[in-house]
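Right, one structure below, let's go through it.
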Amino acid sequence: MDSPWLTSAATGRDPAAVRLFCFAHAGGGTAFFRPWRSALLPEVEVCPVRLPGRESRHLEPAYTRMHRLIEPLVAALRPYADRPFAVFGHSMGAAVAYEVARRFCAEPADGPLQRLLVSGRRAPHLAARRRPIAHAPQEEFLAAVRQLGGTPEEVFDQPDLVRLFLPGMRADFELNETYAPADGPRLTCPVSAFTGDRDPEVTPAEMGRWRETTDVAFRLRVFTGGHFYLSGPRTELVREIRSDLLQAVPM
């Protein structure tokens, strides 16, 4: 894929039945979804999205407001939404995925939007449970990030690494904490919601409120684990995603 926004697992074989655009958590990158690629091919082509401010785009300023991100993001994705596609997001990425799905429901692409899949984030219309920390003192901010998990422990012990990842991480938290969805119609695609049963950020009941974002089918699946339940063995989660994506696609 010739785009700074996208990486792909596609090979020279027949094209996959579904293209899955994936959005990571705050501070996360495309590598987070690398294990999914071989697990979901050949039916599903996993396309992690690389936002500005991370990995090969680390010199670009990260977005701190959702409405400023969505316009260029959707424009970058649209040429690749030329076959059945879906969007997945975890934590902050779930909010981004939701806004992408809203845009494609309002302004359809060449390919049909099969499903929105969200993980580890309260439904967008629910008020935040904790106070914002994007601009908290460094020690407090790092302690909160550490508590969530998902960041290698050795990063916190290396000041050079902390200085490298801290600006992008703060920007992501600000984007997530300032996000409030604009009024608009419900989605016209199905929604699948996934969560860990011990996630301190969201309860299964709050994940269930995602059903209020769509006019069609909704499905909730609760796994054992915390906020990063999907960082361990992912066989069951990947199986659920594959099932959700392929049930409506002719094979």
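Heads up: the sequence shown begins at 1 in my numbering, then just goes up one per residue.
Each residue gets a CB set at the ideal place from its N, CA and C atoms; glycine is no exception.
Within the same chain, T151, F165, G168, M169, D172 come within 7 angstroms of G27 by CB-CB distance, once the 5 residues on both sides are set aside.
Counting only the Cα atoms, T224 lies some 11 angstroms from R234. DSSP lists no bridge partner for V100.
The region 136-153 and the region 107-125 do not touch, with fewer than three beta-carbon pairs separated by less than 8 angstroms. If you draw a straight line from the Cα of D215 to the Cα of Y98, it comes to about 14 angstroms. Just measuring C-alpha positions, the residue of V222, A127, E177 sitting nearest A136 is E177. A residue is called buried when at least 16 other Cβ atoms come within 10 angstroms of its Cβ; L126 does not meet this threshold and is exposed. As computed with DSSP, G196 is found in a beta bridge with F223. In the DSSP annotation of this structure, the continuous segment of the beta strand (DSSP E) that includes L20 starts and ends at 18-23. Spatial neighbours of P48 in its own chain (CB-CB distance under 6 angstroms, excluding positions within 5 residues in sequence) are listed in chain order as T7, C22, T30, F33. Annotated three-state conformation of L116 is strand, per DSSP. Secondary structure of F228 (DSSP, three-state): coil. In the DSSP assignment, E45 falls within the unbroken beta strand (DSSP E) covering 44-48. Beta bridge pairing from DSSP links L6 with V49.
Selection R242, G226, P4 evaluated against S192 yields R242 as nearest (Cα-Cα). Between T188 and the set A128, T195, A101, F194, the nearest pair of CA atoms involves A101.
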